[in-house]
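Trainee: Okay, here's the structure, questions in a sec.
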Amino acid sequence: MLVYLSSLQLNWLLELFGLAEKKATISDDSSNINHPCLIFLFILLIILIGIGLYFNHLAENTEYNNNSSEDEVDQSLKEDHYFDGGQQLRHRNATRRGFVRRYGACALCGNLSSKRCSRCKVARYCSVECQISHWRSGHKHECFERETTADQARPIHAKKSEGESTSNGVKLASDIGEVDVSNGSDFNNLHCSCEVEVLKNSREEEENVHSSGTLYLHFYLVVEGTTNSKSPIKGSKDPTKEAQEHGTAKMGQSEDEATKYRNRILLLQSERDHWIKRANFARERFHSLKKESEHRLFVLKSEKESISNAEKKASNMVHNLHERLHNMQIAVQKCMSEKRKLEEHLQMVESDWAKANNELQKEKKHVQCLTVECDKSCENAQIAKIAAEVVRQELQEERERVQRLKENVRIAQSRASFAEAKLSDLHKKIKSKDYKVAVWTDSLGKSAMACAICLTNEKDLAFGCGHMTCRDCGSKLSKCPICREHITSHIKLFPG
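Last residue of the sequence shown? That's 496 in UniProt numbering, and every number before it is there in order.
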């Protein structure tokens, strides 16, 4: 029963651990989830394991109570019966030893045994699995040694039992008075031999060498020179007086011993009454224990039903939690896919932002350059304004100067016209007088009419200020080389 309960408990625990492994794989698939459902499942698994261990403990207690009640019943039944005589007492001891041999402890697990080793007839087992495991663990090396020691012990014990049986038989014959043996001179050559035949049951002989069988006592008085063994006691045909006296003494001793045995019987009867009272008390206790065990069995059945219902509810809860966990896994997978899409979109947005940031930096640099250029242009504009003011002032001055020059030109033109008129008059005078004009020269021997710039050509160009140069040099000048005034007009001269 205990092996069956342990195997059932082991299978149940294996199923639970299988369920736990399945949950572990589910939790591995969703390792990123920290949900209180996993903690609840773990606590539920621990509670179920504790319930299984509690049931195993209760089963062991019930089995122990049943075994103890069976022992008490056996003891009470044995104490109820009163056995009289040595043969019935031996039968009682034999049945007790047979019960112990039949329901002895298992050599491996210690439970009540129902089988034994067919080789040594000593080791006992409760199941074939215990026998196989004990044989593999080392009983195969001990079994032969036990068998040899048992074979050696059998003849020794048989001899001992024969000696005890002979002594008991001689004592029994002397108590009853069936045999009268004289120690006189006529029986000095007589020898008493006892032959003990122990007849045992073959099955009990195989099971236990210590079991006692039925003893048959045969007494033979062997006289020297005779071999007749038909009568149990043979004596001389003529008994003597000493033999009669010895017989009377033996009868007196037998009467004394009979009184002793009567007293002993009375003592045994009182003990029997005491044991009957104890048996009645044990019977009442057995009935109370039986009622208590039935009540406990009823309570255990009710608890078993409640626990089975709780297990069903727990299995349903586990199934529902498993479905919820599966749905949560699907939702988490969807969230993860959406998260990946959002991460990809975020990466794209970050790349666009980086590009826009680079462009913005470039634009900032360009704006800074433009601001610098604008500042420079503003400064240049200010400078240009100032320069424009200066130019305007200069232009105004130039305009005023042009006006003055125009007036000077008019004056010069008027003078030139007057000079031309005068020059024409002079030419006319020169032509009229037909003489040559002497050429004026300076101290270095150069011509006085030579250009002051190149000193080679003659002066044939006059300016508004009245100074003169050659045409080649005067066309290249903007200011007069003598008075440093701007040249406003050119007058060509034709020296004669």
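For glycine and all other residues, C-beta sits at the position ideal for the given N, C-alpha and C.
Using 10 angstroms around the beta-carbon of Lys476, count the other beta-carbons present and answer buried if the total reaches 16, otherwise exposed.
Mentor: Reading the sequence shown from its first residue, position 476 is the one you call residue 476. Burial call: exposed.
Trainee: Once DSSP output is grouped into helix, strand and coil, what is the label at Leu108?
Mentor: For the purposes of this step, residue 108 is taken as residue 108 along the sequence shown, with counting starting at 1. Looking at Leu108 - three-state DSSP - the assignment turns out to be coil, as it is neither helix nor strand.
Trainee: What residue does the alpha helix (DSSP H) around Ile491 start on, and which one ends it?
Mentor: Start at 1 with the first residue of the sequence shown, and residue 491 comes out as number 491. No alpha helix (DSSP H) contains Ile491, which is instead part of the beta strand (DSSP E) from 490 to 492.
Trainee: Indicate whether the contact test is met: 3 or more Cβ pairs, each with one atom in the segment 454 to 471 and one in the segment 373 to 382, closer than 8 Å.
Mentor: Verdict: no, contact absent.
Trainee: Note down the Cα distance separating Gln269 from Ala279, rounded to an integer number of angstroms.
Mentor: Position 269 of the sequence shown holds residue 269. Position 279 of the sequence shown holds residue 279. Computed Cα separation, rounded: 15 Å.
Trainee: Where does the unbroken alpha helix (DSSP H) through Gly474 begin, and where does it stop?
Mentor: In the sequence shown, the residue the question calls residue 474 occupies position 474. Per DSSP, Gly474 belongs to the alpha helix (DSSP H) from 471 to 474.
Trainee: Could you tell me whether any non-hydrogen atom of the ligand GDP is closer than 7 Å to the CB of His427?
Mentor: The ligand GDP is not among the ligands present in this structure, which contains no ligands whatsoever.
Trainee: What does the alpha-carbon distance come out to for the pair Asn263 and Gln253?
Mentor: Along the sequence shown, one-based indexing puts residue 263 at 263. Along the sequence shown, one-based indexing puts residue 253 at 253. When rounded, the distance between both Cα atoms is 16 Å.
Trainee: With DSSP run on the structure shown, which of helix, strand or coil describes Ile482?
Mentor: For the purposes of this step, residue 482 is taken as the residue at position 482 of the sequence shown. The answer is coil: DSSP assigns Ile482 none of H, G, I, E or B.
Trainee: Is Ser133 close to chain C, meaning its C-beta is less than 8 Å from at least one C-beta of that chain?
Mentor: In the structure shown, chain C cannot be found, because there is only a single protein chain.
Trainee: So, with DSSP's three-state summary, where would you put residue 497?
Mentor: Summary: the structure shown does not reach residue 497, with the chain confined to residues 1 through 496, and so no result is reported for it.
Trainee: Can you give me the C-alpha to C-alpha distance between Glu338 and His345, rounded to a whole angstrom?
Mentor: For the purposes of this step, residue 338 is identified with residue 338 of the sequence shown, where counting begins at 1. For the purposes of this step, residue 345 is identified with residue 345 of the sequence shown, where counting begins at 1. The straight-line gap from Cα to Cα measures roughly 10 Å.
Trainee: Within 10 Å of its beta-carbon, does Cys451 have 16 or more other beta-carbons around it, so buried, or fewer, so exposed?
Mentor: On the sequence shown, position 451 is the one that residue 451 refers to. Its Cβ being crowded by 16 or more others within 10 Å, Cys451 is buried.
Trainee: Taking just the CA atoms, how far does Cys480 sit from Gln403?
Mentor: Translated into the one-based positions of the sequence shown, residue 403 becomes position 403. Translated into the one-based positions of the sequence shown, residue 480 becomes position 480. Roughly 18 Å separates the two Cα atoms.
Trainee: Using 10 angstroms around the beta-carbon of Arg116, count the other beta-carbons present and answer buried if the total reaches 16, otherwise exposed.
Mentor: What you label residue 116 is simply residue 116 of the sequence shown in a count that begins at 1. Flag for Arg116 reads buried.
Trainee: Here's the rule I'm using: 16 or more other beta-carbon atoms within 10 Å means buried, otherwise exposed. How should Gly474 be labelled?
Mentor: The residue you call residue 474 lines up with position 474 of the sequence shown. The residue in question, Gly474, is buried, as its Cβ has 16 or more Cβ neighbours within 10 Å.
Trainee: Taking the straight line between their C-alpha atoms, what separation do you get for Gln329 and Ile47?
Mentor: Taking the sequence shown and counting its residues from 1, one reaches residue 329 at position 329. Taking the sequence shown and counting its residues from 1, one reaches residue 47 at position 47. When rounded, the distance between both Cα atoms is 26 Å.
Trainee: Classify Lys334 as helix, strand or coil using the three-state DSSP reduction.
Mentor: Here residue 334 refers to the residue found at position 334 of the sequence shown. The answer is helix: DSSP assigns Lys334 an H, G or I state.
Trainee: Hey, how far is the Cα of Gln333 from the Cα of Tyr54?
Mentor: Within the sequence shown, the letter at position 333 stands for residue 333. Within the sequence shown, the letter at position 54 stands for residue 54. If you take the alpha carbons of Gln333 and Tyr54, they lie about 41 Å apart.
Trainee: Checking 8 Å against the spacing of the C-beta atoms, do Cys126 and Ser113 come in under that value?
Mentor: As a working mapping, residue 126 is identified with position 126 in the sequence shown. As a working mapping, residue 113 is identified with position 113 in the sequence shown. It is a contact, given that the beta carbons lie within the stated cut-off.
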